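Scroll down for the structure; my scribbles are underneath it.
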Amino acid sequence: MSDAAPPPVVALAGVTKRYNNGTLAVQGLDLRIARGSFNSLLGPSGCGKSTVLRMIAGLEPPTSGTVAWPEAGRPSLGFVFQDPTLMPWRTALDNVALPLRLAHVPKPERHRRAHAMLALVGLSEAAGSYPRELSGGMRMRVSIARALVTEPELLLLDEPFAALDEITRFRLNNDLLRLWEARRFTAIFVTHSIFESVYLSGRVVVMAARPGRLHADIALDAPARRDEAFRTSPAYAALCRTVSDALEKAMAA
Amino acid sequence: MSDAPAPRRNWARVLAPLLVGLLALGAWEAAIRHFAVPAYVLPGPVAIAQTLAADGGSLVASLLVTLRTTVLALLLAVATGVALAVLFSQSRWVEMTFLPYAVMLQVTPVVAIAPLIIIWVNDVQAALLICAWLVAFFPIVSNTTIGLNSTDRNLLDLYRLLGASRWQTLVQLRLPAALPFFLAGLRISGGLALIGAIVAEFVAGTGGASSGLAYRILEAGYQLQIPRMFAALALISLSGAAIFLALSLVSHLLLRRWHESALRAER
């Protein structure tokens, strides 16, 4: 899990974000994300983890410090919001095809690619359905398919499964891992769930709140194949324990 | 995916108001007969229906004139209202500058300014159209502006992230998101356009073959043909209800697949 050798996909240096109302959301954050890695940003609410994600996405500029792309400039991005954030007047297929449509990809091709992406998240049958006809978990799958349809190099996820029930959440965790294994994009996953961060990622960055700052950076030595067996293994429990201790210290700090 | 209507519920929705209406009309007729109220004070439904049957033709011809003004005013209100709302949504400054004037136009009673407009504008038809448009356009501006401004923040962020142009964001995101709001405004404006047209006709009081239904009411009033007056009133009410129903149908057809307001109770 060494992220020293190849250049990182994105490097944050001394990033500080102060909002107009004076709130210091993030202070002096240094963070380098290795290509192809799966990273979790973990922390209590108000620790600025979503703000970090929005700054990486370019949705908000940092007040000071830099967000740099050492490799060939900013890579293509996919962003998954906490809510599915689908257009209710469009079918699942058209929602998935949105990034292609905005990029003026011709209709036959964008439909073909959107169909393929829907199949990959197991929603082939739902292509013609409108968001309100889908369950919460299915909507989130559509949202993930939309983020991946452009085959981005960097996928940013902002607590995407926070509103889902646990069973759906487990299933989507597995789906996300499968997609990551197949596509090997770089992932930054914001969450406040210890279990989720440990299950998904090779690296957990623990943040402390008020002001939001980096507290601990934990490389997880976990098996390459993560599945239900891993979820119930002592190794998983031990890793959760490590991360939980770090989070506890972060909340006391 | 369930397009199948719920027939039983639809029956009740038509039958219940119809039954209440028939009962009320029956009570009205019975009261007229029982108390022997003369027709020049208050005609009963039967007398009104007879008048409608006997010389409904001239009334309907006048109604069509009024409805033409109404429909034109509504179309004009939609065009100007949506254009203005889009302008407002593009810049806070434009909204701050012009919204107070839109509100002032709305709160000024048409009855008060209709005479002025009729004096200023030579063509009577055009004057009537302006009056009806004045009352009809505000709900459309106001509702559409709210709709355009209440677009999901995350979706706006997503469009920005995907590098969408201002035009793409407007046409593919903000306008569809504003559609339910616009349609709610349209339903209000439909009725208001009719009222505006009739009020203006009252004020204008124009005669001749091409005059609207309001003039028929005035005329019948002068001649103490009270049942005819009521017949004209009934036509206006029915037209207003028809306009509302038609616009509700349009709204339902446009929103039925995706918007909460058009959901049938199906679960």
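As they're listed, the protein sequences go chains A and B. Numbered by my numbering, the letters in the first sequence go through residues 1 to 253 in order. Numbered by my numbering, the letters in the second sequence go through residues 1001 to 1267 in order. The C-beta atom is built at its ideal place from N, Cα and C for all residues, glycine as well. Predicted model, so just to flag it, every value in this text is computed and none were measured.
Between the Cα of residue i and the Cα atoms of the options, which residue gives the shortest distance?
i         : options                                    : result
A/Arg110  : A/Arg146, A/Pro84, A/Glu133                : A/Arg146
A/Phe185  : A/Gly137, A/Pro61, A/Arg18, A/Phe79        : A/Phe79
A/Ile33   : A/Leu148, A/Cys47, A/Pro44, A/Pro7         : A/Pro7
B/Val1086 : B/Tyr1215, B/Phe1182, B/Ile1243, B/Glu1219 : B/Phe1182
B/Gln1090 : B/Ile1146, B/Gly1057, B/Phe1230            : B/Ile1146
B/Ser1211 : B/Ala1262, B/Val1060, B/Leu1245, B/Asn1154 : B/Val1060
B/Ile1195 : B/Tyr1040, B/Val1014, B/Ala1073            : B/Ala1073
B/Gly1240 : B/Leu1192, B/Leu1175, B/Asn1154, B/Leu1052 : B/Leu1192
B/Leu1042 : B/Arg1256, B/Leu1253, B/Ile1226, B/Leu1255 : B/Ile1226
B/Leu1134 : B/Thr1108, B/Tyr1159, B/Asp1123, B/Val1124 : B/Thr1108
B/Gly1057 : B/Leu1213, B/Ser1251, B/Arg1068            : B/Leu1213
A/Arg183  : A/Tyr199, A/Phe195, A/Glu153, A/Leu164     : A/Glu153
Using 7 Å as the cut-off, classify the Cβ of residue i as near or not near the heavy atoms of the ligand NAD, replying yes or no.
i         : result
B/Gly1021 : Summarising the ligand content, the structure contains no ligands, and the ligand NAD is consequently not present.
Rounded to whole angstroms, what's the CA-CA distance from residue i to residue j? Just pull it up for me.
i         : j         : result
A/Trp89   : B/Ala1177 : 8 Å
A/Glu60   : B/Ala1136 : 41 Å
A/Ala114  : B/Gln1106 : 47 Å
A/Arg213  : A/Ala97   : 37 Å
A/Val9    : B/Gly1190 : 57 Å
A/Arg203  : B/Glu1095 : 49 Å
B/Asp1152 : B/Gly1026 : 51 Å
A/Val157  : A/Ala252  : The sequence shown places Leu at residue 157 of chain A, rather than the Val named in the question. Each residue's alpha carbon lies about 26 Å from the other.
A/Val206  : A/Phe170  : 22 Å
A/Lys174  : A/Ile218  : A small fix is needed here, since residue 174 of chain A is Asn in this sequence, not Lys. A/Asn174 and A/Ile218: Cα-Cα distance of roughly 22 Å.
B/Leu1019 : B/Arg1013 : 11 Å
A/Arg226  : B/His1259 : 40 Å
A/Lys249  : A/Val52   : 21 Å
A/Leu123  : A/Ile188  : 24 Å
B/Leu1162 : A/Leu77   : 9 Å
B/Thr1169 : B/Leu1064 : 41 Å
B/Gly1207 : B/Val1121 : Interpretation of B/Gly1207 is limited by its pLDDT of 49, a score under 50 that renders its predicted location unreliable; no figure is taken from the coordinates.
B/Leu1313 : A/Arg241  : Since the first residue of chain B shown is 1001 and the last is 1267, residue 1313 of chain B is not available in this structure.
A/Ala72   : A/Arg54   : 21 Å
B/Pro1017 : A/Leu172  : 50 Å
A/Leu118  : A/Lys49   : 29 Å
B/Asp1157 : A/Ser233  : 40 Å
A/Gln284  : B/Thr1144 : With chain A covering only 1 through 253, there is no way to say anything about residue 284 of chain A.
B/Gln1050 : B/Gly1021 : 18 Å
A/Glu228  : A/Ser40   : 20 Å
A/Thr191  : A/Phe230  : 20 Å
B/Trp1028 : A/Met87   : 51 Å
B/Leu1148 : B/Leu1186 : 15 Å
A/Gly36   : A/Pro106  : 30 Å
B/Leu1067 : A/Pro131  : 40 Å
Under 8 Å between the Cβ atoms of residue i and residue j?
i         : j         : result
A/Val243  : A/Ser197  : yes
B/Ile1188 : B/Ile1236 : no
B/Leu1233 : B/Ile1243 : no
A/Met140  : A/Ala126  : no
A/Arg18   : A/Thr63   : yes
A/Glu159  : A/Gln82   : yes
A/Thr91   : A/Ser129  : yes
B/Val1103 : B/Ile1140 : no
A/Leu12   : A/Gly65   : yes
A/Leu179  : A/Ser201  : no
B/Pro1200 : B/Ala1112 : The sequence shown places Ala at residue 1200 of chain B, rather than the Pro named in the question. Not closer than 8 Å, so no.
B/Ala1231 : B/Ile1048 : yes
A/Ala216  : A/Ala246  : yes
B/Leu1128 : B/Ala1204 : yes
A/Ala209  : A/Cys47   : yes
B/Ala1246 : B/Leu1255 : no
A/Val149  : A/Leu100  : yes
For residue i, which residues in chain A fall below 9 Å Cβ to Cβ?
i         : result
B/His1259 : Pro88, Trp89, Arg132
B/Pro1043 : Result: empty, since nearest Cβ-Cβ is about 50 Å, beyond 9 Å.
B/Pro1038 : Going along chain A, no residue has its Cβ under 9 Å from B/Pro1038, so there is no contact; the nearest lies around 58 Å.
Would you mind telling me which residues of chain A sit closer than 8 Å to residue i, beta carbon to beta carbon, in chain order?
i         : result
B/Ala1262 : None at all; the shortest Cβ gap to chain A is about 10 Å.
B/Arg1160 : Leu59
B/Leu1155 : Thr85, Met87
B/Gly1163 : Leu102, Ala103
B/Asp1152 : Thr85
Can you name the residues of chain B whose CB is closer than 7 Å to the CB of residue i?
i       : result
A/Pro99 : Leu1162
A/Phe81 : Asn1154
Residues of chain B with CB under 8 Å from residue i, in chain order?
i       : result
A/Leu77 : Leu1161
I want to verify the contact list: residues of chain B whose CB lies under 9 Å from the CB of residue i, in sequence order.
i        : result
A/Phe185 : In chain order: nothing, as chain B lies at least about 16 Å away.
For residue i, return the contacting residues in chain A, with the cut-off set at a CB-CB distance below 7 Å.
i         : result
B/Gln1168 : Leu102
B/Pro1139 : Here the premise fails: no neighbours, minimum Cβ distance about 22 Å.
Run through the region 1128 to 1188 of chain B for me and flag every whole alpha helix (DSSP H) of 4 or more residues, listed as ranges in chain order. Counting whole runs of 4 or more residues, the region 1128 to 1188 of chain B contains the alpha helix (DSSP H) stretches 1153 to 1161.
What are the complete beta strand (DSSP E) segments, minimum 3 residues, inside the region 85 to 144 of chain A? Whole beta strand (DSSP E) segments, 3+ residues: zero.
Those runs of the alpha helix (DSSP H) which lie wholly inside the region 1021 to 1106 of chain B and span at least 4 residues: When DSSP assignments are scanned along the region 1021 to 1106 of chain B, the uninterrupted stretches of alpha helix (DSSP H) that are 4 or more residues long and fall wholly within it turn out to be 1045 to 1090.
With 7 Å as the C-beta to C-beta threshold (strictly closer), list the residues of the region 1014 to 1032 of chain B near chain D in chain order. No chain D appears in this structure, whose protein chains are A and B.
For the region 2 to 76 of chain A, list the alpha helix (DSSP H) runs that are entirely contained and at least 4 residues long, ordered along the chain. Runs found: 49 to 57.
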